[in-house]
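See below for the structure under consideration.
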Amino acid sequence: MAILSILHYPDPRLRGKSLPIPRVDDAICKLVDDMLETMYQAPGIGLAAPQVNVFKRLIVIDISENRQTPLCLINPEIIRKDGIETMEEGCLSVPGIFEPVERAQRIRVKALGRDGKPLDMEVDDVMAVCIQHEIDHLEGKLFVDYLSEMKRQRIRKKLEKQRRQTL
Ligand code: GNR
Ligand code: NI
853 MAILSILHYP DPRLRGKSLP IPRVDDAICK LVDDMLETMY QAPGIGLAAP QVNVFKRLIV
913 IDISENRQTP LCLINPEIIR KDGIETMEEG CLSVPGIFEP VERAQRIRVK ALGRDGKPLD
973 MEVDDVMAVC IQHEIDHLEG KLFVDYLSEM KRQRIRKKLE KQRRQTL
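Residues are numbered in the numbering used here as their position in the sequence shown, beginning at 1, plus a constant of 852.
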């Protein structure tokens, strides 16, 4: 297993669109395991492949307290959204920033699992928010895109400054 490095906003690569995974093979399974390890050590509750510079439609999530309930979704699709909920969001690609974002409260998702078998699940609250956040990454979208231009600019400047000081 390996820890992968995570791209940080405003890296333009985070705006790339990810492509469907045609076949869940050994290379994909290895990527899933590396992404889980990277997510756990970050630590985060989710990670999308484009955050580690891989433009494939793959996300991993673990919202459990004990961090022993990994979920892998390959080619995830939201087929139903219900309700509205506002949650404070953060992102491993936008470190140290937390802002409220409005999303669907409950969603139905179809995907393939790590075993390549189809999944169809209904989830709500934190899990629903997390899956919507991760699927946005696959489209090159970040939670800061839901904020005002002014807030987003402030965040961009702050992270650019941090970057200059750590280089
Ligand atoms: O670790 C994460 N926490 C989080 C909190 C609220 C809403 C979404 C998230 S996802 C984030 C990890 C991440 O950046 N995934 O893309
Ligand atoms: Ni994120």
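All residues carry an ideal CB built from backbone N, CA and C; glycine is no exception.
As the structure is a prediction and not an experimental result, all values here were calculated from the model.
Closer than 6 angstroms: residue i CB and nearest the ligand NI heavy atom
{"i": "C924", "result": "no"}
DSSP three-state assignment for residue i, whether helix, strand or coil
{"i": "K1010", "result": "helix"}
{"i": "V906", "result": "coil"}
{"i": "V876", "result": "coil"}
{"i": "A894", "result": "coil"}
{"i": "A854", "result": "coil"}
Counted within 10 angstroms of its Cβ, other Cβ atoms place residue i as buried (16 or more) or exposed
{"i": "R1015", "result": "exposed"}
{"i": "A963", "result": "buried"}
{"i": "A854", "result": "exposed"}
{"i": "L923", "result": "buried"}
{"i": "E954", "result": "exposed"}
{"i": "A879", "result": "exposed"}
{"i": "G898", "result": "buried"}
{"i": "E917", "result": "exposed"}
{"i": "M1002", "result": "exposed"}
Nearest to residue i (by Cα), restricted to the options the options
{"i": "V981", "options": "K1003, G948, I936 and E1012", "result": "I936"}
{"i": "E986", "options": "R875, G948, A879 and L866", "result": "L866"}
{"i": "P902", "options": "K869, D967, A956 and V975", "result": "K869"}
{"i": "L971", "options": "N918, V961, D988 and E941", "result": "V961"}
{"i": "D976", "options": "D988, A956 and E991", "result": "A956"}
{"i": "I1007", "options": "V946, L1019 and M973", "result": "V946"}
Contact test: residue i Cβ vs the ligand GNR heavy atom, cutoff 6 angstroms
{"i": "L944", "result": "yes"}
{"i": "C881", "result": "no"}
{"i": "E986", "result": "yes"}
{"i": "I897", "result": "yes"}
{"i": "E991", "result": "no"}
{"i": "E941", "result": "yes"}
{"i": "A900", "result": "yes"}
Below-7 angstroms beta-carbon distance, residue i vs any chain C residue
{"i": "T938", "result": "Absence of chain C from the displayed structure is noted, only one protein chain being present."}
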